[in-house]
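Counting from 1, position 60 in the sequence shown corresponds to residue 59 in numbering that gives the first Met the number 0; the numbering is continuous, with no gaps.
Below is one structure, written out as structure tokens; comments come after it.
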Amino acid sequence: MAAMKPVGRGRVVARMLGAIALVLLALVLILFVAANGVTTSTLALGALSVAIGLMTMVRPPPDGSRRVAWSTTTALCLIGVSTFVVARLLAVPPPQEFHFVEEGRRDASPPWLSRLADERETVLAGLYFSDVLGLIKGRERDHLDQLLRDAYAESSRPWPNAVLIESSSHASRHLEHVPRGGAAVPCIVFLHGFGGQLTAYVRVLHQAFGDRFVIVAPFLDYTGAFWTPRGKAVVSALVTKHLPPEVDRSRIFLVGLSNGATSATAILQDPELSRQFRGFVLVSGIGEVVQPNPGANVLLIAGTDDPRFPLDHIQSTAESLRGSGARVNVETFPADHFLWLSHAREMTAAIDDWLSLQLRE
């Protein structure tokens with residue numbers, strides 16, 4: 000009986016790495032298929048998994064038809080994956096209301112990963128994963144799922160994938176819209192919430208204010224914790240260094256959503272950073288009042304059925320701000336935490352009225 004040939008150390012390492020890669024790819028593939036069904040992206044992930052499995056976990060047959068089949072299958076999978084990657088990286092983006100800016104460079108190319116993965120698929124997969132973890136479930140999950148599917152169905156697929164882009168004080172990145180022919184234009188700075196930047200959210204601002212306001216939306220990360228030192232540094236770098244020249248710096252307004260609203264509460268209490276903004280709009284969220292700003296102009300927008308930021312908490316915090324001398328308006332809608340999408344027209348109309356009043360003063 001012939002002795003078995005020992006497996007070399009390199010082969011063992013390759014199998015270990017292949018096994019790890021296959022487990023990770025399988026988890027991502029299952030998540031994306033469960034959330035989106037079979038798409039081009041999931042087919043590419045499947046082909047990549049097969050190729051890695053064949054190259055690392057299966058010893059190539061010595062010769063004959065089995066080796067031909069192994070080689071052909073591996074080659075086809077690699078060709079398919081390569082074609083997908085090249086097509087995505089070379090794709091010309093559809094006309095967009097916003098463009099990507101990095102460190103003030105308006106001709107910068109977005110990170111490669113954000114050009115490979117589709118934002119809609121990523122968002123829905125993230126929502127499905129949040130449901131699995133119990134972070135959002137039941138009626139709330141179903142409502143947001145439908146709102147997001149509707150929001151991304153309204154226009155061409157966004158590019159790049161804003162969810163996968165992050166910033167730091169050393170690499171400031173944001174989405175930017177400047178109205179045509181504008182000079183000394185008022186500006187809205189939008190702070191995203193938990194889950195990262197969504198172009199579906201900034202599109203709401205564009206539809207309401209894009210003809211009259213510069214709109215800039217800085218990236219942070221999936222937490223949306225702009226209240227942290229890192230987050231404040233990102234906002235500070237944006238407003239002091241990287242706003243487009245068309246902006247009238249005496250008319251900059253900070254708009255925060257959910258965690259972004261909590262962050263805006265912290266920023267309006269920052270003696271230095273708050274001076275950059277003429278007013279603050281907090282939607283579906285509010286933070287703790289620890290260092291009141293008596294000169295702040297604040298609009299609070301809340302859903303009466305928001306379990307994450309209950310209305311009584313919003314109102315009591317509004318009273319704390321008023322007690323410090325801030326001018327605070329509160330607008331409520333019969334909505335849950337996701338009124339940014341479910342009541343977009345009503346919400347932006349309320350913001351528009353308030354902004355018009357601030358601009359007349």
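Glycine is no exception: its CB is placed at the ideal position from the N, C-alpha and C atoms.
For residue i, which residues from the same chain have a beta carbon less than 7 Å from its beta carbon, with the 5 sequence-adjacent residues on both sides left out?
i: residue 32; result: 41
i: residue 337; result: 142, 143, 146
i: residue 1; result: Summary for residue 1: the model assigns pLDDT 46, below 50, so the residue's position carries little reliability, and this model does not support an answer.
i: residue 128; result: 30
i: residue 227; result: none
i: residue 293; result: 323, 324, 325
i: residue 73; result: 50, 53, 54
i: residue 175; result: 97, 98, 100, 215, 243
i: residue 357; result: 277, 278, 296
i: residue 240; result: 103
i: residue 48; result: 21, 24, 25, 28
DSSP puts residue i in a beta bridge; with which residues?
i: residue 143; result: DSSP output for residue 143 lists no bridge partner at all.
i: residue 81; result: None, per the DSSP bridge assignment.
i: residue 176; result: 214
i: residue 76; result: In the DSSP output, where bridge partners are listed per residue, residue 76 has none listed.
i: residue 187; result: 214, 252
i: residue 276; result: None; residue 276 has no bridge partner.
i: residue 100; result: 173
i: residue 361; result: Lying before the first or after the last residue shown, residue 361 is absent from the chain, which here runs from 0 to 360.
If you drop the 5 nearest sequence neighbours on each side, which residues of the same chain put their C-beta closer than 6 Å to that of residue i?
i: residue 203; result: 343
i: residue 303; result: 310, 331, 333
i: residue 8; result: none
i: residue 135; result: 129
i: residue 286; result: 261, 264, 265
i: residue 340; result: 146, 150
i: residue 83; result: 43
i: residue 109; result: 99, 159
i: residue 290; result: 268
By Cβ distance below 8 Å, which residues in the same chain neighbour residue i in space, the five residues on each side in sequence not counted?
i: residue 56; result: 14, 17, 18, 21
i: residue 122; result: 147, 151, 162, 194, 197, 199
i: residue 288; result: 264, 268, 316, 319, 320, 323
i: residue 249; result: 277
i: residue 3; result: Low per-residue confidence applies at residue 3: pLDDT is 49, beneath 50, and the placement is therefore not dependable, though the value from the model is reported in the following sentence. Within the same chain, residue 3 has no close Cβ partners at all.
i: residue 347; result: 203, 204, 206, 207, 208
i: residue 59; result: 66, 69, 70
i: residue 335; result: 139, 142, 302, 304, 305, 306, 341
i: residue 126; result: 34, 135, 140, 143, 144, 147
i: residue 351; result: 207, 208
i: residue 62; result: none
Quick one: measure Cβ to Cβ for residue i and residue j, integer angstroms, because I've assumed they're closer than 8 Å.
i: residue 105; j: residue 159; result: Actually they are not in contact, since the Cβ atoms of residue 105 and residue 159 sit about 14 Å apart, beyond 8 Å.
i: residue 313; j: residue 298; result: About 12 Å; that fails the 8 Å criterion.
i: residue 284; j: residue 256; result: 7 Å
i: residue 267; j: residue 295; result: 5 Å
i: residue 76; j: residue 107; result: Wrong, their Cβ atoms sit about 33 Å apart, outside the cutoff.
i: residue 215; j: residue 252; result: 11 Å between Cβ atoms; not a contact.
i: residue 34; j: residue 124; result: 4 Å
i: residue 218; j: residue 166; result: 4 Å
i: residue 254; j: residue 213; result: In fact, because the Cβ distance is near 13 Å, the residues do not count as touching under 8 Å.
i: residue 79; j: residue 25; result: So it is not a contact: roughly 18 Å between Cβ atoms.
i: residue 191; j: residue 223; result: 5 Å
i: residue 186; j: residue 246; result: 4 Å
i: residue 188; j: residue 237; result: 7 Å
i: residue 111; j: residue 88; result: 7 Å
From the beta carbon of residue i, is the nearest beta carbon of chain C less than 9 Å away?
i: residue 294; result: Protein chain content of the structure displayed is limited to a single chain, and chain C is not contained in it.
What I want to know is whether the C-beta of residue i ends up closer than 8 Å to one or more non-hydrogen atoms of the ligand FMN.
i: residue 241; result: Here there are no bound small molecules, and the ligand FMN is not part of this structure.
Just list the alpha helix (DSSP H) runs in the segment 206-270, keeping only unbroken ones of 4 residues or longer that don't cross its boundaries, in chain order.
-> 228-236, 258-267
Contact between the segment 176-191 and the segment 318-328 (3+ Cβ pairs under 8 Å) = no
Segments assigned alpha helix (DSSP H), at least 4 residues, entirely inside the segment 282-347 | 310-322, 338-341
Runs of alpha helix (DSSP H) lying entirely within the segment 5-71, each at least 4 residues, in chain order | Whole alpha helix (DSSP H) segments, 4+ residues: 8-35, 39-55.
Considering only residues of the segment 109-133, which uninterrupted beta strand (DSSP E) runs meet the minimum length of 3 residues and lie entirely inside it, listed in chain order?
-> none
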